[in-house]
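J.: One structure, pasted below without further comment.
In UniProt numbering, the protein residues as written are 1 to 393.
The following block contains the structure:
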């Protein structure tokens, strides 16, 4: 982390700092004036003109202390040799330099400031009492030490504040990313539920409407059956849509209604047959799989029937289920090619994608491809561990 970059000061912050620096030097300047007046009887032109001008130059130089911290601090420390009033500017420059928390730089400027305090005798020749040299050395050294300590503390606080700000910004970015991910997952969940529940029903309704539109040789009874099938299918689609919206809007604490599983596949096949599909179901399943496996198997069969109704209406569909605990549950949905030319149905492109996600979450494998007879085959293998064996182990 770069600790050299300090926040930019506004005009008021800059003004009060310079005013405080000038105020710090005034007592020392007045003390020197009183001492010189008492010993020599006059203060001299340098005290009244030269000293304040040097101090003004030092205060002006301090304006650039954050751009050129070391150069300004050294220059002001040296200039304070000729000006008692400039000691406040030198103190401010040393504090500002020490915020960088570089001991070598701070030590060099502090030493220059202490040395400068010992050379002021050349500007203001006053008599010193014997044995006062240690006071004249200790006071400037203590002042420089206070300036360095203040600067170090300010610099440490800046680093801490910057670290807290960075951590807060990072936490905010992470929160935003988590919220975006949650929205994406929820949209995917809604899309998957809508497709799984409605696409199958609406496809069957569309197939019946297509038969009614293209077949002019149907009897009145056949027309009535198709119209009734369309009405029943539309009503069921609305009911299923209401169920989906109820699940999506439900209180998180409330349990969701039971999802269809393996035992509901015969009802699914019966609905497809009633809608006009030629479906054959062959089952060789020994036992009852877990809810996840059974629900995934149901969705696979449902997607296969939906695609057959969309792309090959009137074609025979063969569904095969086989498996046992301790092995796997194999699902196969094969439809023959369409018996006639049909208009291409609207496709979402998310049916097989969502189904692949479901199968992968269940730990299985999904495959779908055209067959040599120009039909289509949808197969899946789902793991079916032996729960009894696992409990005994």
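Glycine included, each C-beta is placed from N, C-alpha and C at the ideal position. This one's a predicted model, so the numbers in the text were calculated from it and none came from an experiment.
Under a three-way DSSP split, which group does residue 1 fall into?
T.: Residue numbering aside, residue 1 sits at position 1 when the chain shown is read from its first letter. Any reading at residue 1 must be qualified, since the residue scores a pLDDT of 41, below 50, and its modelled position is unreliable; the value itself is stated next. Of the three classes helix, strand and coil, the one that applies to residue 1 here is coil, per DSSP.
J.: Over the uninterrupted alpha helix (DSSP H) stretch that includes residue 281, give me the two end residues.
T.: For the purposes of this step, residue 281 is taken as residue 281 along the chain shown, with counting starting at 1. Not the alpha helix (DSSP H): residue 281 falls in the beta strand (DSSP E), residues 278-286.
J.: Can you tell me the Cα-Cα spacing of residue 201 and residue 169, whole angstroms?
T.: Within the chain shown, numbered from 1, the residue matching residue 201 stands at position 201. Within the chain shown, numbered from 1, the residue matching residue 169 stands at position 169. Their Cα atoms are separated by approximately 48 Å.
J.: Helix, strand or coil for residue 354 per DSSP?
T.: Position 354 of the chain shown, counting from 1, holds the residue named residue 354. If DSSP states are grouped into helix, strand and coil, residue 354 belongs with the helices.
J.: If you measure from the CB of residue 111, is any heavy atom of the ligand ATP nearer than 6 Å?
T.: Among the components modelled here there is no ligand, and therefore nothing to report on the ligand ATP.
J.: How many angstroms separate the CA atom of residue 44 from the CA atom of residue 85?
T.: On the chain shown, residue 44 is found 44 positions in, with the first residue counted as 1. On the chain shown, residue 85 is found 85 positions in, with the first residue counted as 1. CA-CA distance, residue 44 to residue 85, rounds to 15 Å.
J.: Whose C-alpha, out of 327, 25, 304 and 326, is nearest the C-alpha of residue 318?
T.: The count along the chain shown starts at 1 and reaches residue 318 at position 318. The candidate whose alpha carbon is nearest that of residue 318 is 304.
J.: Count the other CB atoms, across all protein chains shown, that sit within 10 Å of the CB of residue 339; report buried if there are 16 or more and exposed otherwise.
T.: Taking the chain shown and counting its residues from 1, one reaches residue 339 at position 339. Exposed is the label assigned to residue 339, since fewer than 16 other Cβ atoms lie within 10 Å of its Cβ.
J.: Report all residues from its chain with a CB closer than 7 Å to the CB of residue 465; omit the five preceding and five following residues, and keep chain order.
T.: Residue 465 falls outside the range modelled here, since the chain spans only 1 to 393, and no answer is possible.
J.: Under three-state DSSP, which class holds residue 27?
T.: Here the question's residue 27 lines up with position 27 in the chain shown. Looking at residue 27 - three-state DSSP - the assignment turns out to be helix.
J.: Give every residue of the same chain whose Cβ lies closer than 6 Å to the Cβ of residue 113, excluding the five residues on either side of it in the sequence, and list them in chain order.
T.: Taking the first residue of the chain shown as 1, we reach residue 113 at position 113. So the qualifying residues of the chain are 77, 90 and 144.
J.: If you draw a straight line from the alpha carbon of residue 371 to that of residue 382, how long is it in whole angstroms?
T.: As a first step, residue 371 is located in the chain shown; it is residue number 371 there, counting from the start. As a first step, residue 382 is located in the chain shown; it is residue number 382 there, counting from the start. Distance between the alpha carbons of residue 371 and residue 382: 22 Å.
J.: Where does residue 364 fall in DSSP's three states?
T.: Residue mapping note: residue 364 aligns to position 364 of the chain shown, counting from 1. Coil at residue 364, not helix or strand.
J.: Might you give, ordered along the chain, the residues of its own chain that have their beta carbon closer than 6 Å to the beta carbon of residue 117, omitting 5 neighbours on each side?
T.: Numbered from its first residue, the chain shown carries residue 117 at position 117. If we look at residue 117 and ignore the five residues flanking it on each side, its Cβ neighbours are 140.
J.: Any idea which residues DSSP pairs residue 380 with across the strands?
T.: Working through the chain shown from its first residue, we reach residue 380 at position 380. DSSP lists 331 and 366 as partners of residue 380.
J.: Could you check how far apart the C-beta atoms of residue 97 and residue 69 are, in whole angstroms? I think they sit under 8 Å.
T.: Mapped onto the chain shown, residue 97 falls at position 97. Mapped onto the chain shown, residue 69 falls at position 69. Contact flag correct, Cβ pair sits at about 5 Å.
J.: What residue range is occupied by the uninterrupted beta strand (DSSP E) comprising residue 320?
T.: In the chain shown, the residue the question calls residue 320 occupies position 320. From DSSP, the beta strand (DSSP E) with residue 320 extends over 316-324.
J.: Could you tell me the distance, in whole angstroms, from the CA atom of residue 394 to the CA atom of residue 235?
T.: Residue 394 cannot be examined here, being either before or after the span of the chain that is shown, 1 to 393.
J.: Check whether the Cβ atoms of residue 204 and residue 325 lie closer than 7 Å to each other.
T.: Against the chain shown, residue 204 aligns to sequence position 204. Against the chain shown, residue 325 aligns to sequence position 325. Not in contact: residue 204 and residue 325 (Cβ atoms no closer than 7 Å).
J.: Buried or exposed: which applies to residue 393, given that a residue is buried once 16 or more other Cβ atoms fall within 10 Å of its Cβ?
T.: By one-based count along the chain shown, residue 393 stands at place 393. With a pLDDT of 43 at residue 393, under the threshold of 50, the modelled position of this residue cannot be trusted; read the value that follows with caution. Burial call: exposed.
J.: Just the C-alpha distance for residue 94 and residue 42, rounded to the nearest angstrom, thanks.
T.: Stepping through the chain shown from its first residue, residue 94 is reached at position 94. Stepping through the chain shown from its first residue, residue 42 is reached at position 42. If you take the alpha carbons of residue 94 and residue 42, they lie about 33 Å apart.
J.: Leaving out five residues before and five after residue 192 in sequence, what residues of the same chain have Cβ atoms less than 7 Å from its Cβ?
T.: Sequence index remark: in the chain shown, residue 192 carries index 192 (1-based). So the list reads 354, once near-sequence residues are dropped.
J.: Do you know whose CA, among 208, 199 and 369, lies nearest residue 333's CA?
T.: Residue mapping note: residue 333 aligns to position 333 of the chain shown, counting from 1. Nearest in C-alpha terms to residue 333, of all of 208, 199 and 369, is 369.
J.: Applying the 10 Å Cβ sphere with the 16-neighbour rule, what's the burial state of residue 224?
T.: Residue numbering aside, residue 224 sits at position 224 when the chain shown is read from its first letter. Residue 224 is exposed by the Cβ-count criterion.
J.: Are the beta-carbon atoms belonging to residue 109 and residue 73 less than 7 Å from one another?
T.: The residue you call residue 109 lines up with position 109 of the chain shown. The residue you call residue 73 lines up with position 73 of the chain shown. A contact, by the Cβ cut-off of 7 Å.
J.: Would you call residue 286 buried or exposed, if buried means 16 or more other Cβ atoms sit within 10 Å of its Cβ?
T.: Taking the first residue of the chain shown as 1, we reach residue 286 at position 286. So residue 286 counts as exposed.
J.: Do you know how far the Cα of residue 173 is from the Cα of residue 265?
T.: Taking the chain shown and counting its residues from 1, one reaches residue 265 at position 265. Taking the chain shown and counting its residues from 1, one reaches residue 173 at position 173. In a straight line, the C-alpha of residue 265 is about 46 Å away from that of residue 173.
J.: What residues in its chain sit with their C-beta under 6 Å from that of residue 156, if we drop five residues either side in the sequence?
T.: In the chain shown, counting from the first residue as 1, residue 156 sits at position 156. Taken in chain order, the list of residues that qualify is empty.
J.: Could you tell me which uninterrupted beta strand (DSSP E) segments, each at least 3 residues in length, are contained entirely in the segment 54-115, listed from first to last along the chain?
T.: none
J.: Taking buried to mean at least 16 other C-beta atoms within 10 Å of its own C-beta, is residue 182 buried or exposed?
T.: Indexing the chain shown from 1 puts residue 182 at position 182. Looking at its Cβ environment, which holds fewer than 16 other Cβ atoms inside 10 Å, residue 182 is exposed.
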